[in-house]
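Chains as they are written, first to last, in the numbering used here: chain A, 4 to 252; chain B, 4 to 252.
Idealized CB from N, CA, C, for every residue including glycine.
One structure is given here, and the rest of the page talks about it.
There are 2 protein chains.
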Amino acid sequence: MSKNTKVNAAILIIGNEILSGRTQDTNTSTIAIWLNSIGVKVNEVRVIPDDEKKIIVTLNLLRKENNYVFTTGGIGPTHDDITAQSVSKAFGIKYELHEEAFKILEAYYQPGEFNEGRQRMVWMPENAELILNPTSGAPGFSVENVFCLPGVPSIMKSMLGGLKNKIVGGEPILSHTISLRTVESEIANSLTKVQNQNKDVEIGSYPFFHAGKLGVSIVLRSEKQSEIDNCNSQILEFIKEKKIEIVDR
Amino acid sequence: MSKNTKVNAAILIIGNEILSGRTQDTNTSTIAIWLNSIGVKVNEVRVIPDDEKKIIVTLNLLRKENNYVFTTGGIGPTHDDITAQSVSKAFGIKYELHEEAFKILEAYYQPGEFNEGRQRMVWMPENAELILNPTSGAPGFSVENVFCLPGVPSIMKSMLGGLKNKIVGGEPILSHTISLRTVESEIANSLTKVQNQNKDVEIGSYPFFHAGKLGVSIVLRSEKQSEIDNCNSQILEFIKEKKIEIVDR
């Protein structure tokens with residue numbers, strides 16, 4: 004049922020604050036939507052603690068299984084920011100002061116403000132490529148197919164644009180949503196038939212509550228518009244038969 | 004640095020809609036906060052697609068590595084809801100109509116409304132224990148240490164209360180937050196010293212932007228209030244020295 008596209012990625016969210024529930028992760032959704040738009044499908048997301056061993060083991064697995072890995076979190080100046088040194092160890096390369104990053108931050112801060120804490124942020128895996136940060140100066144970095152971004156959502160988001168030329172995606176994954184004033188059980192059988200006749204379209208069914216009313220969003224995803232259109236027609240057909248109302252959503 | 008508590012859990016979010024970025028997962032945070040309150044620490048979260056093989060492999064790994072596993076998603080009536088059958092296969096037990104669940108839904112719906120689609124929701128692993136659903140009838144279920152909950156956040160949340168007696172946690176994990184009008188680099192060195200002197204407290208440092216101003220929240224987590232208090236005093240000390248303002252957050 005689920006479709007394998009040629010280019011895929013994993014997202015690795017690093018941070019105790021997500022696992023404790025204190026912070027709601029929103030980076031997954033931001034990165035996934037952006038990746039979809041450039042033809043990369045997210046296969047898996049993992050959230051792990053700020054724990055060196057766990058980062059190393061998880062990263063070494065994900066970077067082999069996926070075309071790309073995106074990490075968020077743990078690249079700031081405090082003791083719990085251990086992503087850069089862990090990535091260095093995962094790749095077995097030196098963790099050292101990055102000259103270019105040093106120059107960027109030296110120029111970014113007022114004289115005297117580029118203190119010891121901030122200088123910690125320019126320590127990276129040897130020869131890492133920088134990911135520029137238009138919001139707050141301190142760059143992220145990439146090593147091979149692993150891209151390390153900060154955890155603060157607004158900063159992270161502002162850095163994605165700069166990655167466009169570094170990621171080679173497949174066909175963009177197209178999607179179409181049909182929202183209905185119905186419940187899933189009313190359409191389940193018909194939808195199964197449509198799925199069986201359209202194996203290459205990923206058809207999702209998602210119940211929602213909105214403005215006090217129940218509904219279902221059907222989401223069609225494929226790389227081919229013609230496949231989505233075909234699937235859409237078949238769904239519109241059974242909706243009409245069942246006299247189910249289409250709603251905005 | 005990170006502390007191992009005696010009782011831990013993994014959360015397994017099942018659903019293409021999270022991986023595509025269409026839907027923002029909020030269940031992780033809800034479950035994690037609830038688990039913390041009953042003394043269970045979340046070790047790891049994974050988000051995987053509605054893919055039988057992937058569900059089986061991931062579940063069989065997580066249920067061995069953790070005291071508890073909580074899954075969300077994929078237990079509705081449509082073709083993409085394959086969690087129950089996948090869990091059955093993961094445990095190598097029969098997937099069959101659950102008599103008790105059948106009776107619950109038969110009573111829940113108006114005569115004639117308990118149709119084929121809805122009846123799909125009472126197929127579960129043989130002898131699964133039900134997790135009652137006060138919101139919309141259809142129960143979740145548990146097998147051994149694996150608890151399967153729906154993906155719709157409001158429904159999922161309403162079912163957690165019923166699990167309290169089934170989960171045996173350790174000491175509740177206590178936390179204390181100190182929010183400061185500063186930037187991380189100003190406090191990084193002092194905080195490292197405090198962490199080194201308080202190995203059993205997990206100290207997190209989280210920058211925030213609020214009302215146009217930068218700040219940092221320091222979060223202290225431990226099972227022991229005395230350890231948190233001790234750590235807190237040391238932090239208040241260096242804050243005073245540095246003349247950093249404490250803010251509400």
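Whole-angstrom C-beta distance between residue j and residue i, which should lie under 8 Å
i: residue 72 of chain B; j: residue 13 of chain B; result: 5 Å
i: residue 30 of chain A; j: residue 75 of chain A; result: 5 Å
i: residue 207 of chain B; j: residue 250 of chain B; result: That belief does not hold up - the Cβ atoms of residue 207 of chain B and residue 250 of chain B are roughly 17 Å apart, past 8 Å.
i: residue 66 of chain A; j: residue 149 of chain A; result: 5 Å
i: residue 82 of chain B; j: residue 194 of chain A; result: 6 Å
i: residue 176 of chain B; j: residue 226 of chain B; result: 6 Å
i: residue 188 of chain A; j: residue 80 of chain B; result: 5 Å
Whole-angstrom distance between residue j and residue i, CA atom to CA atom
i: residue 85 of chain B; j: residue 123 of chain B; result: 10 Å
i: residue 221 of chain A; j: residue 136 of chain B; result: 24 Å
i: residue 147 of chain B; j: residue 172 of chain B; result: 16 Å
i: residue 213 of chain B; j: residue 48 of chain B; result: 28 Å
i: residue 39 of chain A; j: residue 45 of chain A; result: 8 Å
i: residue 54 of chain B; j: residue 252 of chain A; result: 27 Å
i: residue 164 of chain B; j: residue 141 of chain A; result: 43 Å
i: residue 63 of chain A; j: residue 19 of chain A; result: 20 Å
i: residue 139 of chain B; j: residue 159 of chain B; result: 10 Å
i: residue 157 of chain A; j: residue 128 of chain B; result: 43 Å
i: residue 51 of chain B; j: residue 22 of chain B; result: 7 Å
i: residue 106 of chain A; j: residue 237 of chain B; result: 35 Å
i: residue 126 of chain A; j: residue 98 of chain A; result: 6 Å
i: residue 101 of chain A; j: residue 145 of chain A; result: 12 Å
i: residue 200 of chain A; j: residue 234 of chain A; result: 8 Å
i: residue 78 of chain B; j: residue 198 of chain A; result: 18 Å
i: residue 153 of chain B; j: residue 192 of chain A; result: 20 Å
i: residue 25 of chain A; j: residue 37 of chain B; result: 11 Å
i: residue 210 of chain A; j: residue 113 of chain B; result: 20 Å
i: residue 4 of chain B; j: residue 186 of chain B; result: With a pLDDT of 37 at residue 4 of chain B, under the threshold of 50, the modelled position of this residue cannot be trusted; read the value that follows with caution. Rounded to the nearest angstrom, the two C-alpha atoms are 22 Å apart.
i: residue 108 of chain B; j: residue 15 of chain B; result: 26 Å
i: residue 168 of chain B; j: residue 33 of chain B; result: 18 Å
i: residue 68 of chain B; j: residue 59 of chain B; result: 14 Å
i: residue 223 of chain B; j: residue 183 of chain A; result: 46 Å
i: residue 230 of chain A; j: residue 42 of chain A; result: 17 Å
i: residue 28 of chain B; j: residue 179 of chain A; result: 20 Å
i: residue 241 of chain A; j: residue 166 of chain A; result: 43 Å
i: residue 228 of chain A; j: residue 203 of chain A; result: 12 Å
i: residue 174 of chain B; j: residue 111 of chain B; result: 38 Å
i: residue 258 of chain B; j: residue 57 of chain A; result: Here chain B covers residues 4 to 252 and nothing more, so residue 258 of chain B does not appear.
i: residue 190 of chain A; j: residue 215 of chain A; result: 21 Å
i: residue 205 of chain A; j: residue 155 of chain B; result: 20 Å
i: residue 95 of chain A; j: residue 130 of chain A; result: 13 Å
Coil, strand or helix - residue i by DSSP
i: residue 47 of chain B; result: strand
i: residue 125 of chain A; result: helix
i: residue 36 of chain A; result: helix
i: residue 74 of chain A; result: strand
i: residue 120 of chain A; result: helix
i: residue 11 of chain B; result: strand
i: residue 68 of chain B; result: helix
i: residue 238 of chain B; result: helix
i: residue 130 of chain B; result: coil
i: residue 136 of chain A; result: strand
i: residue 145 of chain B; result: strand
i: residue 231 of chain B; result: helix
i: residue 60 of chain A; result: helix
i: residue 41 of chain B; result: coil
i: residue 250 of chain A; result: strand
i: residue 16 of chain B; result: strand
Cβ-heavy atom distance, residue i to the ligand GTP, below 7 Å
i: residue 190 of chain A; result: Annotation note on the ligand GTP: not contained in the displayed structure, which lists no ligands.
Contact with chain C by residue i, beta-carbon distance below 8 Å
i: residue 207 of chain A; result: No chain C is present in this structure, whose protein chains are A and B.
Curious, which full-length alpha helix (DSSP H) runs of at least 4 residues does the region 157-226 of chain A contain?
Those alpha helix (DSSP H) runs which fall completely within the region 157-226 of chain A and span 4+ residues are 187-200.
Hey, which unbroken runs of the alpha helix (DSSP H) at 4 residues or more fall wholly within the region 88-117 of chain B?
Taking only runs of at least 4 residues, the alpha helix (DSSP H) segments lying wholly in the region 88-117 of chain B are 102-111.
Do the region 242-249 of chain B and the region 111-120 of chain A meet, that is, are 3 or more Cβ pairs less than 8 Å apart?
Two segments are said to touch when three or more pairs of C-beta atoms, one from each, lie closer than 8 Å; by this definition the region 242-249 of chain B does not touch the region 111-120 of chain A.
Spell out a yes or no on whether the region 89-109 of chain A and the region 85-98 of chain B are touching, meaning 3 or more CB-CB pairs, one atom from each, closer than 8 Å.
Three or more Cβ pairs closer than 8 Å define a contact, and the region 89-109 of chain A falls short of that threshold against the region 85-98 of chain B.
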